[in-house]
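Here is the structure we will look at, set down as structure tokens.
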Amino acid sequence: MFGDVGDYPVDPIMIGADLFAQDPRTDKLNLTVGVYENEQGQTPILTAVKRAESDLVALQKTKAYMALTGDADYYGSLGQEILGADLFTGHDFVSAQTAGGAVALRVMADFVAQLSRKPTIWLQSPTYGNYMPIVTAAGAPWRSVPYYDQLRCQMRFEEMLTGLEAARPGDLFLFQGVCHNPTGADLTKEQFGQLLDQLERLGVVPWIDLAYLGFGKGFEADCEQVRQIVGRFEECVVCVTLSKSFGIYRDRAGALFLKCKPETRERLQRAVSAIIRSGSSHAPDHGPAVVSRILSDPDLKSLWLQELEVMRKRVAGIRQEIVLLEQERYQRDTLAYLGRQSGMFSLLPLNSDQETALTRDHGIHVVRGGRVNVARLNSTTIPKLIEVFHQVISVR
Ligand SMILES: Cc1ncc(COP(=O)(O)O)c(C=O)c1O
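Note that this note's numbering has the sequence shown beginning at 3, numbered continuously upward.
Structure follows, in structure tokens:
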């Protein structure tokens, strides 16, 4: 029976990690994995998280099951924090605690796939590498519109809007609210306004995915887009992962918020609970409990926000350092676009031969398609990346 198994696609991020492990060179550089690192190459546990964890050891009274949609205090405080206390009343929303962002995305994709009308999910190209596998595994129809031109290092905004014209009312547009993965290129305020006008005109439901809150312009500013959506649309979808913003990747904290019409709320609540029950079932509690604890304690919250700012500033600083060093040493600005982008990821403007040379000849590992995690660079590896980049682009 097992012999009948088909050829499953492997996530390029995981392929990159495997190839890195097999590379025997001692000076190899891993820019594949989507995890923040400090200057010393460590992914530290935030002090706010450590303190919340020790509080939990003392305070937690039970490990009994919670509701299928999780702890109402958790998604309640998260909803208020991210969507805004005035917009997140709870009454217009069906909310769920999920095992990271991936499960929030999958629950929503399952929901879409089970609707009798089968709306299309519109994706951007390129976009987060796990969207397509998630919506495909759920059986939801999807199509994509252009988003970014890797070789020219610029957005394809007009083409994105043109592509979306083919969407039907009730379709969904899945896009990211901050620090776009893998491009690092976010919509400007004006472009975002134009996009919302178009979605509203077409009757397309916005589905926003938030994975890097606090890594763009700062936590409050990074919540701006989602608040605009929630304030303007009667129906919308918000997926959140806290893996990066709290540095609790393995503890799996995420959430799903569905804004709906009041008359739909009860049925929608049952649908979401049923989908969770038959799939991921109860979300783990530890990560979400840590987040809840931090958000409910003003001192811990302010400590967490400070630590998040340190991570944000380090990533932004690396981007500026690359730009300056390239100008100084090479009198070139081929990488200047990195300074205008934000978050952990960007795409290097390399064709596939140049990308192969980067890894094969120089031991710099990137995700297939050219994604680099700039947060894994430091003052020693930044000059190396720039030097090698210039060597490989000189070979066409
Ligand atoms: C844009 C985006 N959405 C969702 C996720 C999934 O996050 P999690 O690891 O919490 O499932 C990621 C993770 O890298 C991401 O980059």
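Where a beta carbon is used, it is the ideal one built from N, C-alpha and C, also for glycine.
Just so it is clear, the structure is predicted and the values come from calculations on it, not from any experiment.
Under 6 Å from any heavy atom of ligand 1, does the C-beta of residue i make it?
i       : result
Ser-245 : yes
Tyr-38  : no
Ala-111 : no
Asp-173 : no
Asp-253 : no
Asn-375 : no
Gln-178 : yes
Asn-183 : yes
Asp-335 : no
Ala-187 : no
Tyr-76  : no
Tyr-149 : no
Met-73  : In the sequence on display, residue 73 carries Asp and not Met. Not so, every heavy atom of ligand 1 lies at least 6 Å from the Cβ.
Ala-211 : A small fix is needed here, since residue 211 is Asp in this sequence, not Ala. The answer is yes for Asp-211.
Gly-345 : no
Tyr-332 : no
Tyr-130 : yes
Gly-256 : yes
Would you report the Cα separation of residue i and residue j, rounded to the nearest angstrom?
i       : j       : result
Glu-167 : Phe-347 : 29 Å
Tyr-76  : Phe-95  : 14 Å
Glu-330 : Val-240 : 43 Å
Leu-244 : Ala-142 : 25 Å
Phe-194 : Glu-236 : 18 Å
Gln-333 : Leu-307 : 37 Å
Leu-174 : Pro-128 : 17 Å
Leu-189 : Thr-164 : 16 Å
Ala-98  : Asp-335 : 45 Å
Leu-327 : Ile-388 : 8 Å
Ser-283 : Ala-139 : 17 Å
Gln-196 : Leu-204 : 12 Å
Gln-44  : Val-37  : 10 Å
Gln-343 : Ile-277 : 37 Å
Ile-250 : Glu-311 : 16 Å
Leu-153 : Ile-136 : 27 Å
Gln-178 : Leu-302 : 28 Å
Tyr-10  : Asp-25  : 24 Å
Gln-156 : Pro-351 : 10 Å
For residue i, which of the options has the nearest alpha-carbon?
i       : options                               : result
Val-51  : Thr-336, Val-325 and Lys-246          : Lys-246
Leu-349 : Asp-355, Thr-358 and Tyr-339          : Tyr-339
Ser-396 : Asn-353, Gln-42 and Arg-158           : Asn-353
Met-274 : Pro-264, Asp-287 and Leu-260          : Inspection of the sequence shows that residue 274 is occupied by Val rather than by Met. Selected option, being the one with the closest Cα: Leu-260.
Asp-199 : Val-180, Gln-230 and Gly-18           : Gln-230
Gly-1   : Asp-151, Tyr-214, Leu-258 and Glu-202 : As shown, the chain starts at 3 and ends at 398. That puts residue 1 outside it, with no answer to give.
Ala-169 : Ala-139, Leu-125, Phe-159 and Val-37  : Leu-125
Gly-319 : Ile-388, Ala-377 and Phe-391          : Ala-377
Val-293 : Asp-253, Ile-324 and Thr-266          : Asp-253
Arg-295 : Phe-235, Ala-223 and Ser-79           : Ser-79
Lys-30  : Tyr-251, His-364, Ile-278 and Thr-358 : His-364
Asn-40  : Leu-21, Lys-386, Ser-381 and Arg-370  : Ser-381
Glu-192 : Asp-151, Phe-159 and Gly-72           : Phe-159
Arg-362 : Gly-81, Gly-18, Phe-4 and Met-3       : Gly-18
Leu-258 : Ile-136, Val-394, Asp-211 and Ile-123 : Asp-211
Thr-100 : Ile-324, Pro-290, Leu-297 and Pro-300 : Pro-290
Val-390 : His-367, Tyr-130 and Gly-371          : His-367
Pro-46  : Leu-270, Met-313 and Asn-32           : Met-313
Leu-337 : Asp-355, Ala-359 and Val-374          : Val-374
Leu-33  : Gln-393, Val-394, Ile-384 and His-392 : Ile-384
Asn-132 : Gly-371, Ala-285 and Pro-14           : Pro-14
Phe-248 : Lys-120, Thr-49 and Gln-42            : Thr-49
Ser-298 : Gly-281, Glu-83, Val-317 and Gln-116  : Glu-83
Glu-202 : Lys-386, Cys-238 and Gly-281          : Cys-238
Ala-87  : Thr-266, Val-232 and Ala-111          : Val-232
Which residues does DSSP pair with residue i in a beta bridge?
i       : result
His-367 : Asn-32
Cys-241 : Asp-211 and Leu-258
Arg-145 : Trp-124
Asp-151 : Gln-156
Ala-98  : Leu-258
Gln-178 : Asp-211
Leu-305 : For Leu-305, which the question treats as bridged, DSSP gives no partner whatsoever.
Ser-348 : Val-374
Shorter than 6 Å, the distance from the beta carbon of residue i to the closest heavy atom of ligand 3, or not?
i       : result
Ala-104 : Among the ligands modelled here, namely ligand 1, ligand 3 does not occur.
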